[in-house]
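Student: Once you've had a glance at the structure underneath, I'll fire off some questions.
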Amino acid sequence: MFKRILIANRGEIACRIMATCREMGIETVAVYSTVDATAAHVLAADRAVPLGADEPAASYLNQDRIMAAARETQAEAIHPGYGFLAENHVFAARCEDEDVTFIGPPAAAIRDLGDKTVARQMMMDSGVPVIPGLQHAETDPRKLADEAARIGYPVLIKAAAGGGGKGMRVVASAEALGEAAEAAGREAAAAFGSGAIYIEKYLARARHVEFQIMADTHGECIHLLERECSIQRRHQKIIEETPSTALTPTLRAEMGAAAVRAARAAGYVNAGTVEFLLDPDGRFYFLEVNTRLQVEHPITEMVTGIDMVREQIRIAAGLPLAYAQADIAGRGHAIECRIYAEDPHNDFLPAPGPIDYLRTPEGPGIRVDSGIYAGGQVPMEYDPILAKLIVQAEDRAAAIARMRRALTAYVILGVKTPIAYLRDVLDHEAFRAGATFTDFIPRHMAGWSPADHAPEMAALAYIADDLAGGVGRVDRQSTEPAGGGTPWQTLGAWRP
Amino acid sequence: MKYNLEVNGQTMVFKVTAHEDHRMAVATDDREHQVAFHRIDERRLALVVDGVRVDAFVTGQGGAREILIDGVVYQVCDADLRDLAAAAGGGGDERPREVTPPMPSVVVKVLVEEGQHVTRGDSLVVVSAMKMETTLTAPFEGRIRRINVATGDKVKPGDILVDLEKVPEKAR
Numbered sequence: 001m002f003k004r005i006l007i008a009n010r011g012e013i014a015c016r017i018m019a020t021c022r023e024m025g026i027e028t029v030a031v032y033s034t035v036d037a038t039a040a041h042v043l044a045a046d047r048a049v050p051l052g053a054d055e056p057a058a059s060y061l062n063q064d065r066i067m068a069a070a071r072e073t074q075a076e077a078i079h080p081g082y083g084f085l086a087e088n089h090v091f092a093a094r095c096e097d098e099d100v101t102f103i104g105p106p107a108a109a110i111r112d113l114g115d116k117t118v119a120r121q122m123m124m125d126s127g128v129p130v131i132p133g134l135q136h137a138e139t140d141p142r143k144l145a146d147e148a149a150r151i152g153y154p155v156l157i158k159a160a161a162g163g164g165g166k167g168m169r170v171v172a173s174a175e176a177l178g179e180a181a182e183a184a185g186r187e188a189a190a191a192f193g194s195g196a197i198y199i200e201k202y203l204a205r206a207r208h209v210e211f212q213i214m215a216d217t218h219g220e221c222i223h224l225l226e227r228e229c230s231i232q233r234r235h236q237k238i239i240e241e242t243p244s245t246a247l248t249p250t251l252r253a254e255m256g257a258a259a260v261r262a263a264r265a266a267g268y269v270n271a272g273t274v275e276f277l278l279d280p281d282g283r284f285y286f287l288e289v290n291t292r293l294q295v296e297h298p299i300t301e302m303v304t305g306i307d308m309v310r311e312q313i314r315i316a317a318g319l320p321l322a323y324a325q326a327d328i329a330g331r332g333h334a335i336e337c338r339i340y341a342e343d344p345h346n347d348f349l350p351a352p353g354p355i356d357y358l359r360t361p362e363g364p365g366i367r368v369d370s371g372i373y374a375g376g377q378v379p380m381e382y383d384p385i386l387a388k389l390i391v392q393a394e395d396r397a398a399a400i401a402r403m404r405r406a407l408t409a410y411v412i413l414g415v416k417t418p419i420a421y422l423r424d425v426l427d428h429e430a431f432r433a434g435a436t437f438t439d440f441i442p443r444h445m446a447g448w449s450p451a452d453h454a455p456e457m458a459a460l461a462y463i464a465d466d467l468a469g470g471v472g473r474v475d476r477q478s479t480e481p482a483g484g485g486t487p488w489q490t491l492g493a494w495r496p
Numbered sequence: 497m498k499y500n501l502e503v504n505g506q507t508m509v510f511k512v513t514a515h516e517d518h519r520m521a522v523a524t525d526d527r528e529h530q531v532a533f534h535r536i537d538e539r540r541l542a543l544v545v546d547g548v549r550v551d552a553f554v555t556g557q558g559g560a561r562e563i564l565i566d567g568v569v570y571q572v573c574d575a576d577l578r579d580l581a582a583a584a585g586g587g588g589d590e591r592p593r594e595v596t597p598p599m600p601s602v603v604v605k606v607l608v609e610e611g612q613h614v615t616r617g618d619s620l621v622v623v624s625a626m627k628m629e630t631t632l633t634a635p636f637e638g639r640i641r642r643i644n645v646a647t648g649d650k651v652k653p654g655d656i657l658v659d660l661e662k663v664p665e666k667a668r
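Chains as they are written, first to last, in the working numbering: chain Z, 1 to 496; chain D, 497 to 668.
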């Protein structure tokens, strides 16, 4: 087993990885940028090596500096966490070349699965369902119409060279196809310099259901059940749960087997996630493979009782999987809420700043993976995730109730967070009913504002804060017109 | 003691009688509340309002504070203090007419040059925070008098990134 591991990341995930390392008796090496010199992950580590300036290119993406830090501290392995270098096949290959173990899949698997067309072809070859549609660009309207009829309406027209929604059209019927294809082609040509388009089946009400897979270097590969991550804002997951309310035992077994097939097809080793879209009729389609530890891995840990980081480290050290597929069973229900530094009153704009005050929920079945502390700073240079709140309970209703309680008890002052928003999502009848589709947020939460039903209570608290000698207290007496004196002197700290 | 408080923009008037032992009576138009209060720490107050326990967390200073109760943030503003400050010329009528970032961020790109003429809505500066880019646009038509930042600079709300001056209307 490794004696020392360098964690090439920051924030909550670096802290979480270090926790397992410590339990395994492995020393941890933190790396950090200038602004992160006193960040939570540095304080959690046994050793710490500065990387450079704040911008990611100079620090957490700086491969030369990270490799040098590993050599300097004689770290035998590097855990990349998620983001930054986690899915960088060049970095994984460099670790292999420089004789440092990369705790993740082989560089070739990262490279192949990172290319969406290669991955799609690979899945089709191994019998994993992909979203039906054309495999190549097409301009002949007759061929487009044939293909649309074959896969069934509605269909989605996409720009072959595209991205960002440009050239994208949802077409409900054959009559509308010709005109939509022309318009999409024109738009694509204007945006990308190529009018090439292709079509695929449009899934209007789909769920995002992913399977956790784990493979060792001895040819074993298992899945650790599913996670449903349909609650997304701007394509970013905000609430995840397991099990999914949409899976029957049969469908779960079928999708799990497909995920394992996908992993085997790619020559996968270590932890990974196979993402699927699931339509309301129970048909599922391959989306992509994430070749790393996921942000939402804790819910899998909560229901399976397996420490995934421990398994990752064991696999990287060449040990066989500690579990067989038959050992994997989910217990109860787990939910995760992501706590970002963002302002729900201001279009969820990032809100970096100081953490003035922190009160963390506690109690049975509650886990907080956090990268912040009171008195610390949330820098503007990196991902806005502050912490993840995870709960587990005997069933879904109990888990929702527990998450509600935990969110209400979670107090973070100094930066804005979406805690009140998340609670309102959990309270929504569609969420309660398990009607969680990827359009949940635009469909149910548009125009959200907090239920501020205690304004009078807030006013009483303000007055009490004055009387109890708070930090922001203003001496009211001197502002009374009859009181004379110089009220202006008391306003020094106050700005409009 | 009288308080004129604005909570989330809604004005309320309270007559407060402070008692010994961390208690107060607070009268509104239609009723009187009996309140017991204890400071637990710098930010946390434990209240008992007419027998009901409430936890409140306070940030901000002076006449403008944020109060968090039951997971929801309330903006509470002391109208008297604000009026006094306005009378002193210390505040009041500042409209968002300036090119300033909505959040602490890094300047990614400056899209204009000094002396350039821009119309309302033109993109001026792109800033980035936490992997999200925001484009700041001209709040009105005018001429770029001065650019105060360069790519890579760290900026915060209130920093004026670009001085924009109104082009005087030509005599007709």
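Heads up, the beta-carbon is just placed ideally off N, CA and C, and yes, glycines get one too.
Looking only at its chain, what residues have a beta carbon closer than 7 Å to the beta carbon of Ile-157 of chain Z, apart from the 5 residues adjacent to it on each side?
Tutor: Within the same chain, Ile-157 of chain Z has close Cβ partners Met-168, Arg-169, Val-171, Ala-180, Ala-181, Ala-184, Ile-197, Ile-199.
Student: Going by C-alpha to C-alpha distance, which of Z:Val-42, Z:Thr-291, Z:Ala-406 sits closest to Ile-213 of chain Z?
Tutor: Comparing Cα positions, the closest option is Z:Thr-291.
Student: Would you identify the three-state DSSP class for Ile-565 of chain D, choosing helix, strand or coil?
Tutor: Looking at Ile-565 of chain D - three-state DSSP - the assignment turns out to be strand.
Student: Exposed or buried, which one is Ser-619 of chain D when buried takes at least 16 other CB atoms within 10 Å?
Tutor: Counting Cβ neighbours within 10 Å, Ser-619 of chain D comes out exposed, since fewer than 16 surround it.
Student: Among residues of its own chain, excluding the 5 on either side of Arg-535 of chain D, which ones have a beta-carbon nearer than 7 Å to its beta-carbon?
Tutor: Taken in chain order, the residues that qualify are Leu-541.
Student: Could you work out which residue in Z:Arg-252, Z:Leu-349, Z:Val-289 is closest to Thr-631 of chain D when comparing CA atoms only?
Tutor: Closest option to Thr-631 of chain D, Cα to Cα, is Z:Leu-349.
Student: The alpha helix (DSSP H) that contains Thr-300 of chain Z, what's its start and end?
Tutor: First-last of the alpha helix (DSSP H) with Thr-300 of chain Z: 297-304.
Student: What residues in its chain sit with their C-beta under 6 Å from that of Arg-16 of chain Z, if we drop five residues either side in the sequence?
Tutor: Hits under 6 Å: Asp-369.
Student: Just list the beta strand (DSSP E) runs in the segment 158-203 of chain Z, keeping only unbroken ones of 3 residues or longer that don't cross its boundaries, in chain order.
Tutor: If we require 3 residues or more, the beta strand (DSSP E) runs fully inside the segment 158-203 of chain Z come out as 169-171, 197-201.
Student: Quick one: list the residues of chain D neighbouring Leu-386 of chain Z, beta-carbon separation under 7 Å, in chain order.
Tutor: Those do not exist, as Leu-386 of chain Z stays about 11 Å from chain D at its closest Cβ, beyond 7 Å.
Student: Among Z:His-453, Z:Met-24, Z:Asp-307, whose alpha-carbon lies nearest the alpha-carbon of Leu-224 of chain Z?
Tutor: That would be Z:Asp-307, whose Cα lies nearest to the Cα of Leu-224 of chain Z.
Student: Drop a sphere of 10 angstroms on the beta-carbon of Leu-43 of chain Z, count the other beta-carbons inside from all chains shown, and report buried for 16 or more, exposed for fewer.
Tutor: Classification for Leu-43 of chain Z: exposed.
Student: What did DSSP end up calling Phe-276 of chain Z once you bin it into helix, strand or coil?
Tutor: Phe-276 of chain Z: strand per DSSP, three-state reduction.
Student: Do Asn-346 of chain Z and Pro-105 of chain Z have their C-beta atoms within less than 7 Å of each other?
Tutor: Not a contact, by the Cβ cut-off of 7 Å.
Student: Pull up the distance between the alpha-carbon of Arg-396 of chain Z and that of Ala-259 of chain Z, whole angstroms please.
Tutor: Each residue's alpha carbon lies about 25 Å from the other.
Student: Considering only DSSP beta bridges, list what Ile-339 of chain Z is partnered with.
Tutor: According to DSSP, which records beta bridges pairwise, Ile-339 of chain Z is partnered with Z:Ala-387.
Student: Which chain Z residues are close to Ala-646 of chain D, counting only those with a beta carbon under 9 Å from its beta carbon?
Tutor: Within 9 Å Cβ-Cβ: nothing; Ala-646 of chain D doesn't reach chain Z, min ~15 Å.
Student: Is Thr-20 of chain Z near Val-303 of chain Z, with beta carbons less than 7 Å apart?
Tutor: No, they are not a contact pair.
Student: Does DSSP put His-534 of chain D in a helix, a strand or coil?
Tutor: His-534 of chain D falls in the strand class under three-state DSSP.
Student: Using a Cβ distance threshold of 8 Å, determine whether the segment 355-367 of chain Z contacts the segment 601-609 of chain D, with at least three qualifying pairs required.
Tutor: Verdict: no, contact absent.
Student: Quick check: the segment 105-114 of chain Z against the segment 129-141 of chain Z, are at least 3 beta-carbon pairs closer than 8 Å?
Tutor: Output reads no: the segment 105-114 of chain Z does not touch the segment 129-141 of chain Z.
Student: Using the Cβ count rule (16 or more neighbours within 10 Å means buried), how would you classify Lys-143 of chain Z?
Tutor: So Lys-143 of chain Z counts as exposed.
Student: Would you mind telling me which residues of chain C sit closer than 7 Å to Ile-656 of chain D, beta carbon to beta carbon, in chain order?
Tutor: Annotation note: the requested chain C is absent from the structure, which comprises protein chains Z and D.
Student: Based on Cα-Cα distance, which residue from Z:Val-35, Z:Gly-256, Z:Ala-160, Z:Ala-458 lies nearest to Arg-186 of chain Z?
Tutor: Nearest option by C-alpha distance: Z:Ala-160.
Student: Let me know the beta strand (DSSP E) ranges lying completely inside the segment 68-113 of chain Z, each 3 residues or longer, listed in chain order.
Tutor: Runs found: 77-79.
Student: Taking DSSP as the reference, what is the three-state secondary structure of Met-520 of chain D?
Tutor: Met-520 of chain D falls in the strand class under three-state DSSP.
Student: So, using beta-carbon positions, are Glu-296 of chain Z and Glu-336 of chain Z closer together than 7 Å?
Tutor: Going by C-beta atoms, Glu-296 of chain Z is nearer than 7 Å to Glu-336 of chain Z.
Student: Do Leu-460 of chain Z and Asp-522 of chain D count as a contact pair if the criterion is CB distance below 7 Å?
Tutor: Reading the sequence as shown, one finds Val at residue 522 of chain D and not Asp. Contact flag set, yes.
Student: Go ahead and pull the three-state DSSP assignment for Gly-315 of chain Z.
Tutor: What sits at residue 315 of chain Z in the sequence shown is Ile, not Gly. Three-state result, Ile-315 of chain Z: helix.
Student: Which whole runs of the alpha helix (DSSP H) in the segment 319-374 of chain Z are 4 residues long or more, in chain order?
Tutor: Correct list: empty.
Student: How should Gln-392 of chain Z be labelled, buried or exposed, when 16 other C-beta atoms within 10 angstroms of its C-beta is the threshold for buried?
Tutor: By the neighbour-count rule (16 or more Cβ atoms within 10 Å), Gln-392 of chain Z is buried.
Student: For Gln-612 of chain D, which residues from the same chain have a beta carbon less than 6 Å from its beta carbon, with the 5 sequence-adjacent residues on both sides left out?
Tutor: If we look at Gln-612 of chain D and ignore the five residues flanking it on each side, its Cβ neighbours are Ile-640.
Student: Apart from the five residues on each side of it in sequence, which residues of its chain come closer than 8 Å, Cβ to Cβ, to Gly-256 of chain Z?
Tutor: Once the five neighbours on either side are set aside, the close Cβ partners of Gly-256 of chain Z are Phe-211, His-223, Leu-225, Glu-226.
Student: Counting only Cβ pairs nearer than 8 Å, list the residues of chain D close to Ile-441 of chain Z.
Tutor: Going along chain D, no residue has its Cβ under 8 Å from Ile-441 of chain Z, so there is no contact; the nearest lies around 17 Å.
Student: Buried or exposed for Ala-190 of chain Z, going by 16 or more other Cβ atoms inside 10 Å?
Tutor: Burial call: exposed.
Student: By DSSP, does Asp-466 of chain Z sit in helix, in strand, or in coil?
Tutor: It is helical.
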